[in-house]
Amino acid sequence: MSAEKYIRVYRSVNIDEVKKHCLVVEEILGQCQNCKTPGINFTQHKTCPQCKTEFRYLATSLKEREGIVKILQRIKKESLAIEMIEKEDLDRATAKDALSALFRNS
Ligand SMILES: [Zn+2]
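In structure tokens, the structure reads:
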């Protein structure tokens, strides 16, 4: 049994940048967060086939840890240059931005 495990790390980021370069997947197929094109296979596309944005981050709508770990193992096995982020963090950060933007305009 390997001692290698996955942990979540907190990092300060530019949320607009993260969102732009993020692919949100179920298991394999996902949606480009920049142009909303669906059905993109994260193991085959380093950039969006539609808008050509480079995917640097991957988030999943899966809730079970087992499914998340499966994606992480796939990223590692195929040496993909993409970082897994927590979708809840992304949703929370972008929702807060949307809310403050709303108030800024009123
Ligand atoms: Zn795109």
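Mind the numbering: the sequence shown is residues 3 to 108 in the working numbering, read in order. All residues carry an ideal CB built from backbone N, CA and C; glycine is no exception. None of the values given here were measured: they were computed from a predicted structure.
Buried or exposed by the 16-neighbour rule on C-beta atoms within 10 Å, applied to residue i
i    : result
G32  : buried
L101 : exposed
F57  : buried
I9   : exposed
Where the beta strand (DSSP E) containing residue i begins and where it ends
i   : result
Q35 : Note, Q35: premise wrong, no beta strand (DSSP E); not H, not E.
A83 : Note, A83: premise wrong, no beta strand (DSSP E); not H, not E.
A61 : Y59 to T62
Start-to-end residues for the alpha helix (DSSP H) that takes in residue i
i   : result
V71 : R67 to K79
I20 : Looking at the sequence shown, residue 20 is not Ile but Val. First-last of the alpha helix (DSSP H) with V20: I17 to K22.
7 angstroms CB neighbourhood of residue i in its chain, flanking five on each side removed
i   : result
G41 : L31
Close beta carbons around residue i, own chain, < 8 angstroms, minus the five adjacent residues each side
i    : result
E28  : T62, S63 and L64
S108 : Caution is warranted here: a pLDDT of 48 is assigned to S108, below 50, making its placement in the model unreliable, and the coordinate value is therefore given only provisionally. Counting only Cβ-Cβ distances below 8 angstroms, and skipping sequence neighbours, we find nothing.
C53  : C34, N36, C37 and T39
Beta-bridge partners of residue i, as assigned by DSSP
i   : result
I42 : G32
Checklist entry - Can you list every residue whose CB sits closer than 6 angstroms to some heavy atom of ligand 2, going in chain order? => result No copy of ligand 2 occurs in the structure displayed; its ligands are ligand 1 alone.
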